[in-house]
Structure formats: structure tokens, C-alpha cells
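Below you'll find the structure, written out as C-alpha cells, and then a few comments.
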Amino acid sequence: MQTKIKQITPETLSEAKTIILDGGVVAIPTETVYGLGGNAFDDEAVKRIFEVKGRPNDNPLIAHVHSDFDLKKIIDYDPPYAKKLREAFLPGPLTLVYPSTGKVSPYVSCGLNTLAVRVPSHTGAQAFLRKVDIPIVAPSANLSKHVSPTSAAHVFEDFNGKIPLILDGGECVGGIESTVCDVTGEIPVVLRPGLITREMIAAIVGDCKEYIPDFTKKEKVKSPGVLYKHYSPRCQTKLFDCKDVERAVQTAKAQNGVRVAALCETFFVSKFEKIGLPCLNLGETETEMAGNLYRLLREAEKICDILIVVEPRKKDGVMEGVLNRLRKACASVDIEH
Ligand code: TXA
Ligand code: MG
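The end of the sequence shown is residue 761 by this note's numbering, with every number in the run present.
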């Protein structure tokens, strides 16, 4: 199969719709990362997405809809506080997990009785979702465990020859995936941190908890995606706390006969440049760092065998999401569950 990258036009939207209604998969831009889209009502299309990504079959997918889609078609119960969150943040990088009507394919939520729904703000994504006017499941358009894609070229790297069409909507501005927030209980619970922070959610509805899976109790994990080694570049990684930056520099110096590079916030760049090491600069602000993270991890795997990573100093707010991705990208093994 030949994979085409096409700008979003009325003609390419029609082409994408035909592929989707035919049970196929199309890569689409969003404001966070690119997604691998398929018809949420079509069992075969949903199965195809798991297959083409190599995704574990216990990790549920997010259904994407346009701003005027009638949620009652797919969700069973809508707590009043969820409406406030939608009004405050949607369309945008916040995914809400509701009790499901069970109308979409059972493969979407992998047997859970909930459904994650997202309304992306990217104009190309909205145009595509309006054109098809059905919920589109779309995991990040990367091979399972690999770094998420923030450009059409990244999607092409992972899926050339495996999908027919990538709709090119430019570089993603957000850079890390949406915040996933469970709204099935009395107060919202963040399952995956992102650009919409717990503090921002609590400011609208009064309270918001963070979900911390208890691996010792073998409880059924609420958001299976939190378990895996994820977002990882195809080079070895060594992660250091910001307090250990000198140790990171020494470790970089001690490597022999391999290509070494560093990844850190602007503040630490000169420490690595001083020893003549290529240094990928995450940036200064939290939004800059979120926006640059995946692009730089993909760049790293091309230029080095060992990547020395120094965690940024700021840990809260949007950085919670950035650190969550960075730590998983540098995890050496899958966490058993
Ligand atoms: O920004 C995003 O959310 C991107 C773009 C393409 O929209 N999509 C994305 O999808 O990140 P994916 O499949 O890579 O991640 C979906 C996350 C996983 O952590 C999954 O476990 C969680 O959402 N999830 C999906 N359905 C769920 C459900 N019913 N209950 C709990 N967690 C769910
Ligand atoms: Mg993903």
C-alpha cells in the first residue's frame, strides 16, 4: 500500500471520509499529537487500529467528535460538573471518560463500561470530524511504545506502507497528549496528566483528584495506558534528576565508542555544550517543553546511541504531564500488571 500525505482540502476530506466509511484507517492532525483514526462503530476498523499500531488489546481508545456532536448518542450519564468542564475547556486537549451507552464497538473500550470522548480544537480535525459526522477512535499515530507524532512526517516514519492517507495539518502546537479525566464519579479524577492541569480543573468544579494506580493490590487499573513503557526513542536513555546534572555530565563523558547526546531544558544546555556534546534543547517555559518533547525524542534516535536526559527543575502544572511522558520514555522495562 502506498501512503500519501495530503494537505486538508474539501477533496482530501471527501477522500478520507470514503476510506473511513469503507472500514479503513486515516491519520489526522489534532492540537496535541497526530491520531490514527477509524470508525468507532465498526468492529473491523477498530481491530485494524490495534493491529496496525501493535497496541496491547487491554488499552482502550478515545472517541473523537466535533463540537456539535450529540453526546447522548454515545454516553449514558453526564454529571453536571462535566458540562462545566466542557464549557471551560472544549474544544481542546481534555478527554472526559463517561459511562458508555455501549453503542460504539465493544473493542473501543476493551470491555470497560466507560467511553473516553475528546473534542479536539485543531481546525483540520474539526473539519474532518464534521465531514464524517461519526465518532472517530484515534490513538496517537505512532507504533506502540514509540514516540508520539507531532507532524505528518513522524506518522509517515511509523506507518509508511501500512495506511493509505495522512491528512497534513502542520506541526501540533500542544505537543503532549490530552489530559484524560474520569467523570464517572462524584469528583473528576485525572487518569493521564496533560495541558489541562488538575489545578485548572479544580478551579472550575471545586475539586479534582489524581489517579494513582496501586500496583501492589492488583486492582483493575482504570486507565491501562498508564502502565506501559511508552513514548520511547530507539536509542538507549539515561535519566537524571536535575539535582544530579553534574553526574549526568560525567556519565556522558565516560561513554566510549558510541554516539552520545543530551536532552535538557535551556538552563542546563551550556553544561553539555562545554564538553562538546550535541544537546537537544527542550526550551524554557512549560508549554515550550511540552511542544518540543516528542520532536526532540525522535531527533535523538537519529543522532545518538545513548541519550543523557536531565529532568527539568519545574515539576508541577503542565510539567506533570511532560515529566510523566519523559519518565516513561526513559523507562527500561515494561511494568508488569
Ligand atoms: O491527545 C490525545 O488524546 C491523542 C490525540 C490523537 O487525540 N490521543 C491519544 O490516544 O493519546 P491514545 O490511545 O494514545 O491514549 C488514550 C489514553 C490511554 O492512556 C487509555 O488508557 C486512556 O486514554 N483511555 C481510553 N479510554 C479509556 C477509558 N474508557 N477509561 C480509562 N482510560 C481510557
Ligand atoms: Mg498513545
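The C-beta atom is built at its ideal place from N, Cα and C for all residues, glycine as well.
Strand pairing of residue i, partner residues [DSSP]
i, result
"Y522", "L539"
"S656", "H570"
"L663", "V733"
"E634", "V614"
"K428", "L589"
Length of the line joining the Cα atoms of residue i and residue j
i, j, result
"A464", "V579", "21 Å"
"T661", "D500", "43 Å"
"A506", "E670", "46 Å"
"G618", "L720", "18 Å"
"D665", "S575", "29 Å"
"K508", "I628", "7 Å"
"I636", "R616", "10 Å"
"S694", "I625", "37 Å"
"P657", "C703", "16 Å"
"V489", "K555", "11 Å"
"I432", "G598", "19 Å"
"I620", "P517", "7 Å"
"L701", "F552", "43 Å"
"L706", "A686", "10 Å"
"K677", "G741", "33 Å"
"L520", "S602", "10 Å"
"R751", "D606", "23 Å"
"P434", "G630", "43 Å"
"E511", "E623", "16 Å"
"T675", "S756", "17 Å"
"L445", "F493", "18 Å"
"Q679", "K496", "57 Å"
"A577", "E475", "21 Å"
"T690", "K667", "15 Å"
"Y655", "G593", "21 Å"
"P736", "K441", "42 Å"
Cut-off 6 Å between Cβ atoms - residues of its own chain near residue i, not counting five sequence neighbours on either side
i, result
"G681", "none"
"L663", "V733, C754"
"G447", "D466, E468, A469"
"F692", "V669, V734"
"G461", "V450, I452, I560, A562"
"S545", "E455, P515, G516"
"C688", "V734"
"C534", "D482, P484"
"G459", "I452, A562, A565"
Anticipated Cβ contact below 8 Å, residue i with residue j, distance rounded
i, j, result
"V532", "A487", "6 Å"
"K633", "V613", "5 Å"
"A792", "P573", "Within the shown structure, residues of the chain are numbered from 425 to 761, placing residue 792 beyond reach of any answer."
"C728", "R683", "4 Å"
"P588", "I443", "6 Å"
"T778", "T608", "Not covered by the structure: residue 778. The range shown for the chain is 425 to 761."
"P515", "V541", "Not quite, the Cβ-Cβ distance comes to about 12 Å (not below 8 Å), so this is no contact."
"K477", "I498", "Actually they do not touch by this definition, with Cβ atoms about 22 Å apart."
"L536", "P453", "About 27 Å; that fails the 8 Å criterion."
"H570", "D582", "6 Å"
"Y718", "V457", "7 Å"
"I590", "I429", "5 Å"
"M743", "K586", "So it is not a contact: roughly 34 Å between Cβ atoms."
"E710", "K738", "6 Å"
Residues near residue i in its chain [Cβ-Cβ closer than 7 Å; skip 5 each side]
i, result
"E595", "T574, S575"
"N584", "T427"
"S529", "A464, F465, D466, D467, V470"
"P523", "I499, D500, Y501, N537, T538, T608"
"L437", "A551, F552, K555"
"S491", "P515, V543, Q550"
"V673", "K695, F696, I699"
"F513", "I620"
"P503", "V607"
"T525", "I498, I499, D500"
8 Å CB neighbourhood of residue i in its chain, flanking five on each side removed
i, result
"R479", "I473, P563, S568"
"I600", "T456, V457, S572, G618, L619, A714, L717, Y718, G745, V746, R749"
"E712", "L706"
"C659", "A724, E725, C728, D729, I730, L731"
"L439", "The identity of residue 439 in the sequence shown is Glu, whereas the question assumes Leu. Only K430, L589 meet the Cβ criterion."
Residue i CB to nearest heavy atom of ligand 3 below 7 Å
i, result
"P563", "Ligand 3 is absent from the structure shown, which contains only ligand 1 and ligand 2."
request  = Run through the stretch 674 to 739 for me and flag every whole beta strand (DSSP E) of 3 or more residues, listed as ranges in chain order.
outcome  = 684 to 688, 703 to 705, 730 to 734
key: Ranges of the alpha helix (DSSP H) found wholly within the stretch 542 to 616, counting only runs of at least 4   = 547 to 556, 576 to 583
message = Which complete beta strand (DSSP E) runs does the stretch 481 to 509 hold, if anything under 3 residues is left out?
response = 486 to 488
Length-filtered (4 minimum) alpha helix (DSSP H) runs lying within the stretch 430 to 470 = 434 to 445
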